[in-house]
Amino acid sequence: MDSKPPPAVLTIAGSDSGGGAGIQADLKAFTAFGCYGTSVITALTAQNTQGVQGVHPTPPEFLEQQLTSVLDDIEIRGMKTGMLYDAEHTRRIARTLRAHYGDVSKVPPLVVDPVAVSTSGHVLLHEDAVSVMIEELFPLATLITPNKPEAELLLSRKGASVKIETLEDMIAASEKLLAFGSKAVLVKGGHVSLTMADVHRISAAHPEVTIVPESFLDENMEILQVNQEDLASRQLVVDVLREGEKVTLFVSPRIESSSTHGTGCTLSAVIASALAKGESVVEATRQATIYTHVGIETAFPVGRGHGPLNHMHNLLPRLVPPPTASNPHPLTRILIQSSRETWKAYVEHDFVKQLARGTLPRECFLHFVKQDYLYLKYYARAYGLLVAKSSTYSSIQTATQTIVNVINEVATHKTFCAQWGISEEELTATPESPSTTAYGAYLLDIGLQGDSAKLIMALAACLLGYGEVGLWLKKEASKPDSWVKLDGNVYLRWIEDYSGEHYQSAVKLGIETIETLAAADPPNALRFQEWCAIWEKCTRLEKGFWDMALNLL
Ligand SMILES: Cc1ncc(COP(=O)(O)O)c(N)n1
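Numbered as in full-length UniProt numbering, the sequence shown ends at 553 without a single skipped number.
This is how it looks when you write it as structure tokens:
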């Protein structure tokens, strides 16, 4: 957590007795996101995962009293509204906010989630409140976050009946909604069925539209991709953010799940939290879409109906979900995502880029190859330790096979060095750099102290990372006018080796090994945290290895 005290955020919404949506979802999301949550309750609902059994509105004067109590005492850095109940409640909220802050520009970041109907079909907002919300609340808002039916409802206030079916419709709707006076609009795509083809079409027609995550197609995880066609037809959720002319699409794979109760509440609560921490609207939305996505992915069963997402996934160490068709390698995915920044700094290192352009200074490459030659000895020995810890012939065989692969890799290094006049004697006599010793010693240390699972995690970052680099460069090289130069590149052989079938089948084996491990003996929270920490550390050591080679000059 930050060293700064958590910012205070406020939700003005309805209570969900079932704990999945409304005030309860908001307070959980605020807490999980490191904020101090305060609340003003517009209505009590008797609600569970199966539906809303009753609604009891807060007396309007008391609603106002709650808001005044909070604002008079606590410095609120971000706010959100959810279920507002009716016109009177909505008006009181807007007017109290205006009166308290005096000037619209002084209102802290406000996210208005125009909640109208619950997932279970219960009306949560009286018809007469819609125009008050548009006229009095939207002009105070940093962002409004309608889903498809809510956007259609809001736009119907302009007379014409609007249907939102396509990504183009969502983008057009965002422009019309912005005219209501908020600074930004997020049209949520949960109710619109889209695929990658839709995203490609928009990005071809409107190159100015930003796609987040930029690397959605590869997710920086080429190694996990089986089939490009599967990806193209994969069902997506796309949320469209508009700030003035600027449009950003937030893309994530659609998860077939009934645990989506409270997703809208949670998304807007996290955006408000991130805004309270000083993030931009784009960054706040990015963080919130990821948080919500993972919340659905890791949801646990609650009740008999539409359960809530998991609000605690970033508080409790995340355990590994079972493999599914859309996520066949859940552990690998979590490991990479949990160390995303370091992983990216490793696999997209300047060393790799210069090597792929063919501009890497020879000295750097040779220094790297020599050090890698020395490192691989540790690596092979660590696999030797793994053999010693194995209890089945099949795991002994897998580890032994890897040792043989490493020895073949070393032979490649020798050939490389021979080409540049460096003999095996010189290779062996090369003094080890501190980065090599650090990494090698760490592998052996993990092997000596821990169970075999920890050692397997430590060994995986190297195996998978080089596999990722190989596939990434191969993909980049295949693009027209690519920055990767294969023709005449002195390092071509290196690229071919790591993108080649032989190395890639070793990577596949590595992925299967860690996935099987997680599936056969699901880690408890502590063990899982250890795995993530080991993976992160090795990813960092890998990056350090390339830093060492580049910083030579
Ligand atoms: C108090 C309250 N606020 C908001 C929602 C909408 O959430 P969902 O669309 O997931 O039912 C709800 N059901 N209850």
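By construction, the Cβ of each residue, glycine as well, lies at the ideal position given by its N, Cα and C atoms.
Checklist line | Through-space distance from Lys537 to Phe545, alpha-carbon basis | finding: Counting from one through the sequence shown, the residue named residue 545 turns up at place 545. Counting from one through the sequence shown, the residue named residue 537 turns up at place 537. Using only the alpha carbons, I get a separation of about 12 Å.
Note to self: Just verifying my parser: in three-state terms, what is the DSSP assignment at Ser280?
What the structure shows: Taking the sequence shown and counting its residues from 1, one reaches residue 280 at position 280. In this structure, Ser280 counts as coil in the three-state DSSP scheme.
Check: Exposed or buried, Asp16, counting other C-beta atoms within 10 Å across all chains shown (16 or more means buried)?
Finding: As a position in the sequence shown, residue 16 is number 16, starting the count at 1. Here Asp16 is buried: its Cβ has 16 or more other Cβ atoms, across all protein chains shown, within 10 Å.
Next item on the list: Answer with buried or exposed for Asp2, where buried requires no fewer than 16 other C-beta atoms within 10 angstroms of its C-beta.
Entry: For the purposes of this step, residue 2 is taken as the residue at position 2 of the sequence shown. In this prediction, Asp2 has a pLDDT of 48, which is less than 50 and means its spatial position is unreliable; what the coordinates show is noted afterwards. Counting the other CB atoms within 10 Å of its CB gives Asp2 a total below 16, which places it among the exposed residues.
Notebook entry, point to check: Can you list, in chain order, the residues of its chain whose CB lies under 6 Å from that of Ala549, leaving out five sequence neighbours each side?
Noted result: Taking the sequence shown and counting its residues from 1, the one referred to as residue 549 is at position 549. Hits under 6 Å: Phe351, Cys364, His367 and Phe368.
Check: Can we count Thr119 as close to ligand 1, meaning its CB is less than 7 Å from some heavy atom?
Finding: For the purposes of this step, residue 119 is taken as residue 119 along the sequence shown, with counting starting at 1. Of the heavy atoms belonging to ligand 1, at least one sits nearer than 7 Å to the Cβ of Thr119.
Checklist line | Cβ-based burial, Val226 [other Cβ within 10 Å; buried from 16] | finding: What you label residue 226 is simply residue 226 of the sequence shown in a count that begins at 1. Its pLDDT being 48, under 50, Val226 is placed unreliably in this model, and the value from its coordinates should be taken loosely. Val226 should be labelled exposed.
Notebook entry, point to check: Which value, in whole angstroms, describes the spacing of the CA atoms of Met133 and Leu309?
Noted result: Sequence index remark: in the sequence shown, residue 133 carries index 133 (1-based). Sequence index remark: in the sequence shown, residue 309 carries index 309 (1-based). Those two C-alpha atoms are separated by around 27 Å.
Notebook entry, point to check: Whose C-beta lies closer than 7 Å to the C-beta of Leu374 among residues of the same chain, with five residues either side of it excluded?
Noted result: Position 374 of the sequence shown, counted from the first residue, corresponds to residue 374. Once the five neighbours on either side are set aside, the close Cβ partners of Leu374 are Thr430, Glu432 and Thr436.
Next item on the list: Using alpha carbons as the reference points, say which of Val9, Gly18 and Gly14 lies closest to Val302.
Entry: In the sequence shown, counting from the first residue as 1, residue 302 sits at position 302. The shortest CA-to-CA distance from Val302 to any of Val9, Gly18 and Gly14 is the one to Gly18.
Next item on the list: Would you mind listing the alpha helix (DSSP H) stretches within the segment 420 to 453 that are 4+ residues and don't spill past its ends, in chain order?
Entry: If we require 4 residues or more, the alpha helix (DSSP H) runs fully inside the segment 420 to 453 come out as 424 to 429 and 434 to 449.
Check: In the structure shown, what three-state DSSP assignment does residue 557 receive?
Finding: Outside the displayed span of the chain (1 to 553) sits residue 557, for which this structure offers no information.
Next item on the list: Tell me whether Asn489 is buried or exposed, calling it buried when 16 or more other Cβ atoms sit within 10 Å of its Cβ.
Entry: Taking the sequence shown and counting its residues from 1, the one referred to as residue 489 is at position 489. Its Cβ being crowded by 16 or more others within 10 Å, Asn489 is buried.
Checklist line | Chain-order list of residues whose beta-carbon lies under 6 Å from that of Asn48 (same chain, five-residue window excluded) | finding: By 1-based counting over the sequence shown, the position of residue 48 is 48. Annotation for Asn48: Gly18 and Gly303 place their beta carbon closer than 6 Å to its own, counting only its chain and skipping 5 residues before and after.
Notebook entry, point to check: Taking C-beta to C-beta, are Asp26 and Gly264 nearer than 8 Å?
Noted result: Reading the sequence shown from its first residue, position 26 is the one you call residue 26. Reading the sequence shown from its first residue, position 264 is the one you call residue 264. At least 8 Å separates the beta-carbon of Asp26 from that of Gly264.
Notebook entry, point to check: Exposed or buried, Leu448, counting other C-beta atoms within 10 Å across all chains shown (16 or more means buried)?
Noted result: Along the sequence shown, one-based indexing puts residue 448 at 448. Result: exposed.
Check: Can you give the Cα-Cα distance for Thr289 and His311, rounded to whole angstroms?
Finding: Here residue 289 refers to the residue found at position 289 when the sequence shown is read from its first residue. Here residue 311 refers to the residue found at position 311 when the sequence shown is read from its first residue. Approximately 13 Å between the Cα atoms of the pair.
Check: Could you give the uninterrupted runs of the beta strand (DSSP E) lying entirely in the segment 376 to 402, keeping only those of 3 residues or more?
Finding: Fully enclosed beta strand (DSSP E) runs of 3 or longer: not present.
Notebook entry, point to check: Candidates Leu385, His413 and Cys462: which alpha carbon is nearest Ile446's?
Noted result: Within the sequence shown, the letter at position 446 stands for residue 446. For the options Leu385, His413 and Cys462, the alpha carbon positioned closest to that of Ile446 is the one of Leu385.
Checklist line | Whole-angstrom distance between His413 and Ala299, CA atom to CA atom | finding: Within the sequence shown, numbered from 1, the residue matching residue 299 stands at position 299. Within the sequence shown, numbered from 1, the residue matching residue 413 stands at position 413. Distance between the alpha carbons of Ala299 and His413: 47 Å.
Item checked: Cβ-based burial, Thr324 [other Cβ within 10 Å; buried from 16] -> Indexing the sequence shown from 1 puts residue 324 at position 324. Exposed, because fewer than 16 other Cβ atoms sit within 10 Å of the Cβ of Thr324.
Margin query: Can you find the residues in the same chain that come closer than 7 Å, C-beta to C-beta, to Lys277, ignoring five residues on each side of it along the sequence?
Written below: Here residue 277 is taken as the residue at index 277 of the sequence shown, counted from 1. So the list reads Pro7, once near-sequence residues are dropped.
Next item on the list: Taking the CB atoms as reference points, tell me whether Ala453 and Leu360 lie closer together than 8 Å.
Entry: As a first step, residue 453 must be located in the sequence shown, where it is residue number 453. As a first step, residue 360 must be located in the sequence shown, where it is residue number 360. No.
Next item on the list: Answer with buried or exposed for Tyr393, where buried requires no fewer than 16 other C-beta atoms within 10 angstroms of its C-beta.
Entry: What you label residue 393 is simply residue 393 of the sequence shown in a count that begins at 1. With fewer than 16 other beta carbons inside 10 angstroms of its own, Tyr393 counts as exposed.
Next item on the list: Count the C-beta pairs between the segment 19 to 38 and the segment 99 to 108 that are closer than 8 Å, then say yes if the count reaches three, no if not.
Entry: A contact is defined here as three or more CB-CB pairs under 8 Å, and the segment 19 to 38 fails this definition with respect to the segment 99 to 108.
Item checked: Beta-carbon proximity check, Ile456 vs Thr513, cutoff 8 Å -> Taking the first residue of the sequence shown as 1, we reach residue 456 at position 456. Taking the first residue of the sequence shown as 1, we reach residue 513 at position 513. Yes, they are a contact pair.
Margin query: Suppose the cutoff is 6 Å on Cβ atoms and the five residues either side in sequence are ignored; what does the same chain contact list for Ala460 look like?
Written below: As a position in the sequence shown, residue 460 is number 460, starting the count at 1. Here Ala460 has Gly510 and Ile514 as same chain residues with Cβ atoms under 6 Å from its own Cβ, once five neighbours each way along the sequence are excluded.
Item checked: Which residues DSSP lists as bridging Met196, in chain order -> In the sequence shown, residue 196 corresponds to position 196, counting from 1. In DSSP, Met196 forms no bridge with anything.
Check: Would you say Gly190 touches ligand 1, meaning its beta carbon is less than 7 Å from a heavy atom?
Finding: On the sequence shown, residue 190 is found 190 positions in, with the first residue counted as 1. No, the beta carbon of Gly190 sits no closer than 7 Å to any heavy atom of ligand 1.
Note to self: For Ala533 and Arg540, I'd like the C-alpha separation in whole angstroms.
What the structure shows: As a working note, residue 533 is residue 533 in the sequence shown. As a working note, residue 540 is residue 540 in the sequence shown. Their Cα atoms are separated by approximately 11 Å.
Notebook entry, point to check: Counting Cβ pairs, one atom from each stretch, are 3 or more of them under 8 Å apart for the segment 168 to 180 and the segment 251 to 258?
Noted result: No: fewer than three Cβ pairs fall under 8 Å.
Item checked: CA nearest to the CA of Glu245, picked from Thr42, His206 and Ser273 -> Along the sequence shown, read from residue 1 onward, the residue named residue 245 stands at position 245. Out of Thr42, His206 and Ser273, His206 has the C-alpha closest to the C-alpha of Glu245.
Checklist line | Ser118 (DSSP reduced to helix, strand or coil) | finding: Here residue 118 refers to the residue found at position 118 when the sequence shown is read from its first residue. Residue state, collapsed to three classes: coil.
Next item on the list: Provide the residue span of the alpha helix (DSSP H) that contains Ser338, from first to last.
Entry: Numbered from 1 along the sequence shown, position 338 holds the residue referred to as residue 338. Membership of Ser338 in the alpha helix (DSSP H) is indicated by the continuous run Pro330 to Ser338.
Check: For the alpha helix (DSSP H) that Asp73 lies in, which residues bound it at each end?
Finding: Here residue 73 is taken as the residue at index 73 of the sequence shown, counted from 1. For Asp73, the enclosing alpha helix (DSSP H) covers residues Pro60 to Asp73.
Margin query: Between which residues of its own chain and Ala477 is the CB-CB distance below 6 Å, once the five residues before and five after are set aside?
Written below: The residue you call residue 477 lines up with position 477 of the sequence shown. Result list for Ala477: Val484 and Leu486, in chain order.
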